[in-house]
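Notes follow the structure.
Chains as they are written, first to last, in the working numbering: chain H, 200 to 530; chain U, 200 to 530.
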């Protein structure tokens with residue numbers, strides 16, 4: 200296993216310790232519940248935004264806690280949903296008079312944990328709403344989900360509700376907004392290699408030296424098909440056609456385009472992919488109004504990418520452009 | 200070769216096209232000279248800061264062009280110095296009455312290209328100074344250098360002179376500042392895997408499944424020794440001891456700590472490394488005043504890391520905290 204790891208069981212706590220040490224004034228790590236929260240949360244003047252999922256998708260979600268994004272993230276172990284009592288405790292810690300919004304990617308384990316955590320927290324008098332993200336067009340149902348999977352598109356849902364909640368939006372408004380962003384967001388990914396789960400110590404699945412997996416999930420679960428490795432342009436063209444034809448995105452639309460790396464792909468390659476996607480969208484009469492190139496939602500050290508499109512309107516552009524402060528930064 | 204690539208010969212131009220399309224108002228791509236420059240450069244009111252090196256180290260340097268950082272970057276092909284006439288043309292395009300500062304990592308090919316480019320540009324009446332970055336403590340001389348190599352520490356030199364040049368500092372001041380930052384900056388890296396040069400189509404060097412290369416260079420050139428894969432903590436402890444004992448960094452020092460990914464390592468693992476390095480520095484009485492965790496200076500898709508320490512003073516902290524706008528961003 201070619202990874203930086205000590206005891207695989209400590210992979211997640213050691214990562215969270217590192218995040219907390221790097222952000223001593225803005226973030227707080229609560230080891231009892233495997234939780235990263237804003238140091239200044241909760242605030243009576245805003246709804247608390249919480250996301251949780253398995254670990255291994257960093258920076259999602261433990262590194263996107265901060266002003267204008269999440270108020271807290273409660274991750275599980277690598278590729279494992281958070282325990283329901285951790286969801287409960289996180290919700291209790293973040294409870295405010297304005298309520299709590301759970302944002303959950305559509306994976307069965309995550310949904311179960313958040314459903315139970317919500318029910319238990321509601322029994323304690325906390326007002327909670329849940330929005331499910333299901334942006335992945337690759338497969339209708341999957342080995343890990345009923346319905347479409349929730350993948351990198353969750354960034355846009357979180358960015359929008361994070362900005363709106365800073366401006367004082369109430370819980371009903373945020374639920375509508377999150378659903379609206381999810382409804383105009385579509386993604387698809389593909390893998391060149393498998394990631395390696397630290398506790399397993401070997402690749403999560405096998406891919407031949409000349410193979411790729413189109414439509415892969417963020418845990419390496421199967422996509423549409425396995426086939427011979429293709430050129431960067433051919434890969435992007437297929438992802439773009441699948442994503443664009445699904446909503447569909449049409450000539451005259453303004454979009455945000457995200458080229459997301461899956462953990463093991465360097466940014467040089469992501470910009471090669473970005474250039475092609477941008478040009479192909481222009482050829483379709485679709486304007487790229489905002490772009491995001493980087494590793495936003497990963498699958499451990501998997502080499503691969505995903506492409507996300509979001510249909511924009513003026514309100515959504517303002518929310519995307521609003522300030523945000525998170526652990527992942529260059530400067 | 201498990202990479203996103205079309206024609207390997209077009210790897211660099213396609214990447215630069217992507218960068219330009221993603222930053223249409225702030226950056227300009229000049230294909231004739233393989234050059235990325237600020238759209239608003241040159242300015243009569245500031246010294247132009249130029250860096251060039253082989254490609255394959257992104258975001259260094261083509262993605263750190265922008266306000267408060269580089270005014271232009273002239274990359275060569277992957278792991279190849281830029282042609283001297285490209286250095287000349289870049290310098291001519293960026294020439295200002297206040298002069299031009301070349302920042303060059305200490306690699307023999309880069310130094311030759313910049314020496315010749317400088318000489319030719321001076322013959323045309325342009326005032327130029329050069330500062331060499333040589334922060335890598337791994338080896339005294341190397342297969343690619345006389346003297347120490349210049350690696351991820353170049354970020355701090357560029358950040359400091361980029362900020363100072365925005366404030367109107369003159370060329371002599373910037374030369375002194377760049378030398379001063381380089382003199383308090385030390386780095387060392389190590390590889391878990393080799394990167395793959397697109398034109399070669401196979402790993403740049405061979406490492407066994409249970410081996411690592413301590414002190415590796417950013418082109419995969421040999422370091423101090425090859426040995427059995429160790430734990431994350433053992434790796435950081437060795438890098439930290441080598442770096443800290445070199446300057447040396449001592450109890451009472453304030454430092455910037457960078458944990459840099461080499462391209463194929465996900466940010467989850469970098470934070471595991473960061474946590475250990477932070478704790479070990481604290482145990483030595485050294486305060487981490489600023490931290491940088493991410494992939495700043497890579498070696499294609501190499502899995503690996505480097506650790507950089509910079510001894511800080513109040514002036515340098517202000518320059519590191521000054522605003523900067525570059526292609527690589529999350530929001």
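Yeah, the Cβ is synthetic: ideal placement off N, Cα and C, and Gly gets one too.
Going by the DSSP bridge assignment, what does residue i pair with across the sheet?
| i | result |
| --- | --- |
| residue 301 of chain U | U:249, U:329 |
| residue 507 of chain U | U:386, U:457 |
| residue 235 of chain H | H:228, H:272 |
| residue 264 of chain U | U:269 |
| residue 341 of chain H | H:344 |
| residue 410 of chain U | U:427 |
| residue 335 of chain U | U:386 |
| residue 516 of chain U | For residue 516 of chain U, which the question treats as bridged, DSSP gives no partner whatsoever. |
| residue 254 of chain U | U:277 |
| residue 200 of chain U | Answer is none; residue 200 of chain U lacks a bridge partner. |
| residue 315 of chain U | For residue 315 of chain U, which the question treats as bridged, DSSP gives no partner whatsoever. |
| residue 501 of chain U | U:462 |
Rounded to whole angstroms, what's the CA-CA distance from residue i to residue j? Just pull it up for me.
| i | j | result |
| --- | --- | --- |
| residue 442 of chain H | residue 506 of chain H | 8 Å |
| residue 246 of chain U | residue 292 of chain U | 13 Å |
| residue 285 of chain U | residue 304 of chain U | 17 Å |
| residue 321 of chain U | residue 327 of chain U | 7 Å |
| residue 537 of chain U | residue 474 of chain H | Any question about residue 537 of chain U goes unanswered here, given that chain U covers just 200 to 530. |
| residue 440 of chain U | residue 446 of chain U | 11 Å |
| residue 343 of chain U | residue 343 of chain H | 49 Å |
| residue 426 of chain H | residue 480 of chain U | 48 Å |
| residue 233 of chain H | residue 288 of chain H | 10 Å |
| residue 280 of chain U | residue 312 of chain H | 53 Å |
| residue 501 of chain H | residue 395 of chain U | 16 Å |
| residue 323 of chain U | residue 317 of chain U | 10 Å |
| residue 414 of chain H | residue 337 of chain H | 5 Å |
| residue 269 of chain H | residue 255 of chain H | 18 Å |
| residue 451 of chain U | residue 309 of chain H | 46 Å |
| residue 371 of chain H | residue 335 of chain H | 25 Å |
| residue 277 of chain H | residue 200 of chain H | 15 Å |
| residue 482 of chain H | residue 228 of chain U | 21 Å |
| residue 263 of chain H | residue 526 of chain H | 6 Å |
| residue 297 of chain U | residue 244 of chain U | 7 Å |
| residue 398 of chain U | residue 363 of chain U | 39 Å |
| residue 436 of chain U | residue 476 of chain U | 7 Å |
| residue 508 of chain U | residue 345 of chain H | 48 Å |
| residue 365 of chain H | residue 380 of chain H | 17 Å |
| residue 488 of chain H | residue 388 of chain H | 22 Å |
| residue 468 of chain U | residue 429 of chain U | 14 Å |
| residue 348 of chain U | residue 253 of chain U | 14 Å |
| residue 412 of chain H | residue 403 of chain H | 13 Å |
| residue 238 of chain U | residue 449 of chain U | 43 Å |
| residue 333 of chain H | residue 350 of chain H | 7 Å |
| residue 261 of chain U | residue 219 of chain U | 10 Å |
Residues of chain H with CB closer than 9 Å to the CB of residue i, please, in chain order.
| i | result |
| --- | --- |
| residue 514 of chain U | The contacting residues do not exist; residue 514 of chain U stays about 17 Å from chain H at best. |
| residue 527 of chain U | 466, 492, 493, 529 |
| residue 315 of chain U | Neighbours of residue 315 of chain U on chain H: none; closest Cβ ~27 Å, over 9 Å. |
Quick one: list the residues of chain H neighbouring residue i, beta-carbon separation under 7 Å, in chain order.
| i | result |
| --- | --- |
| residue 431 of chain U | 203, 204, 205 |
| residue 490 of chain U | 221 |
| residue 457 of chain U | Correct list: empty, because the minimum Cβ distance to chain H is about 11 Å. |
What in chain H is Cβ-close to residue i, meaning under 8 Å?
| i | result |
| --- | --- |
| residue 504 of chain U | 203 |
| residue 311 of chain U | Chain H residues near residue 311 of chain U: none, gap ~24 Å exceeds 8 Å. |
| residue 149 of chain U | No answer is possible for residue 149 of chain U: it lies beyond the span of chain U, which begins at 200 and ends at 530. |
| residue 500 of chain U | 463, 464, 465, 468, 502 |
| residue 283 of chain U | The contacting residues do not exist; residue 283 of chain U stays about 24 Å from chain H at best. |
| residue 319 of chain U | The contacting residues do not exist; residue 319 of chain U stays about 29 Å from chain H at best. |
Using a Cβ cut-off of 8 Å, pull out every chain U residue sitting near residue i, in sequence order please.
| i | result |
| --- | --- |
| residue 497 of chain H | 465, 466, 467 |
Identify every run of the alpha helix (DSSP H) within the segment 343-408 of chain U, keeping only runs that are complete inside it and at least 4 residues long; order them along the chain. 353-365, 370-382
Scan the segment 204-231 of chain U for residues whose Cβ lies nearer than 9 Å to a Cβ of chain H and list them as they occur along the chain. 204, 205, 206, 209, 210, 211, 213, 214, 215, 216, 217, 218, 219, 220, 221, 222
Write down every uninterrupted run of the alpha helix (DSSP H) in the segment 412-495 of chain H whose length is 4 residues or greater and which is fully enclosed by it, in chain order. 431-443, 466-482
Closer than 7 Å between beta carbons: that is the criterion. Which residues of the segment 349-373 of chain U meet it against chain H? none
Got a sec: which bits of the segment 465-477 of chain H sit with their beta carbon under 7 Å from any beta carbon on chain U, in order along the chain? 465, 466, 467, 468, 470, 471, 472, 473, 474, 477
For the segment 291-305 of chain H, enumerate the residues whose C-beta is nearer than 8 Å to any C-beta of chain U, in chain order. none
Residues of the segment 409-422 of chain U with a CB closer than 7 Å to any CB of chain H: list them in chain order, please. none
Contact residues within the segment 237-257 of chain H, judged by C-beta distance below 9 Å to chain U: 254, 255, 256, 257
Return the residues of the segment 378-393 of chain H that lie within a Cβ-Cβ distance of less than 8 Å from chain U, sorted by chain order. 391, 392
The segment 333-348 of chain U: which residues have C-beta closer than 7 Å to a C-beta of chain H, in chain order? none
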